[in-house]
Amino acid sequence: MHLSKIDQQNIWHPFTQHQTASENLVIVKGKDAILTDEHGNEYIDAVSSWWTNIFGHCNEHISKRIKKQLDELEHVIFAGFTHPTAIELSEKLLAILPKNQTKIFFSDNGSTSVEVALKMAIQFCHNQNQPKNTIIAFKNAYHGDTFGAMSVGARGTFNQPFEPFLFDVDFIDLPNEANFEHVQHEFQQIIQEKKVAAFIFEPLIQGSAGMLMYEAKFLDKLVDIAQQNQVICIADEVMTGFYRTGKIFATDHLTNKPDIFCISKGITGGFLPFGITSCSQKIYDAFLSNDKLKTFFHGHSYTGNPLACAAACASLELIHDAQLTINNLVEWQSQYLSKLKSNTKIENLRQTGTIVAFDVKTDASSNYFNNIRDFLYDNFIKRGVLLRPLGNTVYVLPPYIITKEQLQKVYDVIDEVLEII
Ligand SMILES: Cc1ncc(COP(=O)(O)O)c(C=O)c1O
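Read left to right, the sequence shown gives residues 1 to 421 (our numbering).
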């Protein structure tokens with residue numbers, strides 16, 4: 001039987017309505033920005049395979065480091081034991097994170113890095129005998145698909161069946177020039193009226209919500225207010241980490257530094273699933289006690305997996321030399337956006353660092369279920385480009401190693417598809 005038929009028979013894919021979805025493409029090879037299917041057709045990966053492959057596919061340096069690790073140590077229980085690659089990774093991460101970050105906790109993906117962050121914040125208050133029961137997040141947020149992560153995310157599209165099981169969260173508007181006074185006021189009011197444990201946010205850009213961008217100065221002010229009121233600030237850098245926004249972390253654009261960071265996606269260059277939650281000494285210290293009940297009772301079988309740690313170390317080695325490529329990418333994206341400005345079929349053109357996005361005008365409202373999505377996706381794929389619109393929002397989020405020629409092809413294909421709408 002053909003591979004895609006067996007796939008259809010056996011496999012339940014994420015975010016997929018199998019009743020109407022077409023067969024999945026069988027990808028047999030990846031190299032740099034190119035994916036090749038079983039028939040030899042090539043696709044330029046302009047979304048870094050779910051925003052993870054920052055150095056493209058099958059990067060040799062990362063691949064070599066994993067192979068070396070494979071022959072040394074593939075896995076070890078991470079309680080009572082540690083290993084050199086995890087230690088090396090902790091040093092590498094702490095060297096690039098803000099100085100207030102002093103401890104690294106490992107898990108398996110973006111959602112679990114958020115889950116860990118929320119649990120750290122809640123137990124931080126609990127351990128100090130100051131239990132607090134409110135969390136503040138932005139409307140439209142997406143922090144993952146586990147229950148804690150769903151609770152701090154937008155209600156509706158992804159979470160509807162689970163809503164009765166999600167804990168209450170206070171959501172505030174994403175700030176902009178026009179509404180900031182109101183947002184700030186509302187934020188302060190919640191903090192004054194409730195016992196707020198934490199404020200969680202996707203810094204500068206809400207990815208899954210449709211690449212909604214906002215300015216650093218507003219977030220900086222909210223973090224300042226939160227920290228003055230002993231509210232723990234959690235930066236969900238799962239998508240924005242490792243230069244996506246032009247700096248290593250999106251919160252490097254702020255002067256106030258969050259207390260907890262969630263990191264995943266780019267950390268292993270897309271090779272292996274991994275999650276990191278880092279925290280400040282203040283958070284960590286609240287868990288030190290002779291009272292065993294103050295322990296952070298959280299862990300996963302694959303916590304600190306040596307292969308993932310090796311991939312992450314290798315990816316971080318590459319990131320130091322990537323600045324030039326990233327600057328070029330930011331510039332190319334910006335030039336393309338300028339060219340697009342005259343296109344009357346689109347609106348809300350925007351850029352944060354290496355990411356550009358725009359909305360295709362339609363009669364329906366801008367959202368994830370906008371009907372034009374499938375038309376756009378299919379036509380991009382037909383022309384050899386992997387772009388995955390979020391409803392009517394098209395975004396380009398390529399691996400940093402994409403060549404100018406490959407990126408030009410992506411732009412040409414977008415132009416062509418916009419022509420036929
Ligand atoms: C900001 C943010 N947080 C968390 C997640 C969840 O990460 P994962 O899909 O690895 O669980 C995502 C995934 O897109 C994300 O964009």
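Cβ coordinates follow ideal geometry from the N, Cα and C atoms, glycine included.
Keep in mind the model is a prediction, meaning the values are calculated, not measured.
#1: According to DSSP, is C125 part of a helix, a strand, or is it coil?
#2: Per DSSP, what are the beta-bridge partners of F358 in this structure?
#3: Is it true that the stretch 303-315 meets the stretch 346-353, where meeting means three or more beta-carbon pairs spaced less than 8 Å apart?
#4: For D45, collect the residues of the same chain with a Cβ closer than 6 Å to its Cβ; drop the 5 residues on either side in sequence, then sort them by chain order.
#5: How about G207: is its Cβ closer than 7 Å to a heavy atom in ligand 1?
#6: When the Cα of V26 is compared with those of K265, I11, I200, which residue comes out closest?
#7: Based on Cα-Cα distance, which residue from T240, F242, Q281 lies nearest to D259?
#8: Just to confirm before moving on: does the CB-CB distance between K139 and A154 stay below 8 Å?
#9: Restricting to runs no shorter than 4 residues, where is the alpha helix (DSSP H) found entirely within the stretch 195-248?
#10: How about G270 and S48: are their beta carbons less than 8 Å apart?
#11: Quick check: is any heavy atom of ligand 1 less than 7 Å from the C-beta of N109?
#12: Count the other C-beta atoms from every protein chain shown that fall within 10 angstroms of the C-beta of M239, then say buried if there are 16 or more, exposed otherwise.
#13: Per DSSP, what are the beta-bridge partners of F138 in this structure?
#14: Which residue spans inside the stretch 274-334 form an unbroken beta strand (DSSP E) run of at least 3?
#15: With hydrogens ignored, establish whether the beta-carbon of Y142 is closer than 7 Å to any heavy atom of ligand 1.
#16: Should V28 be counted as a contact of ligand 1 given a C-beta to heavy atom distance under 7 Å?
#17: Taking Cβ to Cβ, would you say E42 is nearer than 8 Å to G384?
#18: Would the stretch 96-103 count as touching the stretch 125-137 if we require 3 or more Cβ pairs under 8 Å?
#19: Return the residue from the list N305, I191, Y400, G246 that minimises the CA-CA distance to E88.
#20: Which of helix, strand or coil does DSSP assign to N256?
#21: When we look at the beta-carbon of G80 and count the other beta-carbons within 10 Å, is it buried (16 or more) or exposed?
#22: Quick check: does the Cβ of S264 come within less than 7 Å of any heavy atom belonging to ligand 1?
#23: According to DSSP, is R388 helix, strand or coil?
#24: Leaving out five residues on either side along the sequence, give the residues of the same chain with a beta carbon under 6 Å from the beta carbon of Y411.
#25: Evaluate contact between the stretch 287-294 and the stretch 104-118, counting only Cβ atoms and requiring at least three cross-stretch pairs below 8 Å.
#26: Taking the alpha-carbon positions, what's the L93 to K257 distance?
According to the structure data:
#1: The DSSP-derived three-state label of C125 is helix.
#2: According to DSSP, F358 bridges with V394.
#3: Touching, no, given that fewer than three Cβ pairs across the two stretches are closer than 8 Å.
#4: Only residues of its own chain outside the window of five on either side were considered, and among them A33, L35, L386 have a CB closer than 6 Å to the CB of D45, listed in chain order.
#5: Proximity of the beta carbon of G207 to ligand 1 is indicated: a heavy atom of the ligand is located closer than 7 Å.
#6: Answer by Cα proximity: I11.
#7: Among T240, F242, Q281, the Cα nearest to that of D259 belongs to Q281.
#8: Contact flag set, yes.
#9: Under the rule that a run must span 4 or more residues, the alpha helix (DSSP H) segments found entirely inside the stretch 195-248 read 216-228.
#10: Yes. Within cutoff.
#11: Result yes, Cβ under 7 Å from ligand 1.
#12: Counting Cβ neighbours within 10 Å, M239 comes out buried, since at least 16 surround it.
#13: Answer is I172.
#14: For the stretch 274-334, whole beta strand (DSSP E) runs of length 3 or above, ordered along the chain, are 275-280.
#15: Indeed, a heavy atom of ligand 1 lies less than 7 Å from the Cβ.
#16: Answer for V28: no, Cβ out of range of ligand 1.
#17: Cβ distance < 8 Å, so E42 and G384 count as in contact.
#18: No, they do not touch.
#19: Here the closest residue by C-alpha is N305.
#20: N256: coil per DSSP, three-state reduction.
#21: It counts as exposed.
#22: For S264, the CB falls within less than 7 Å of some heavy atom of ligand 1.
#23: Reduced to three states, the DSSP call for R388 is coil.
#24: Cβ within range, chain order: Y336.
#25: Contact fails: fewer than three Cβ-Cβ distances are below 8 Å.
#26: Those two C-alpha atoms are separated by around 16 Å.
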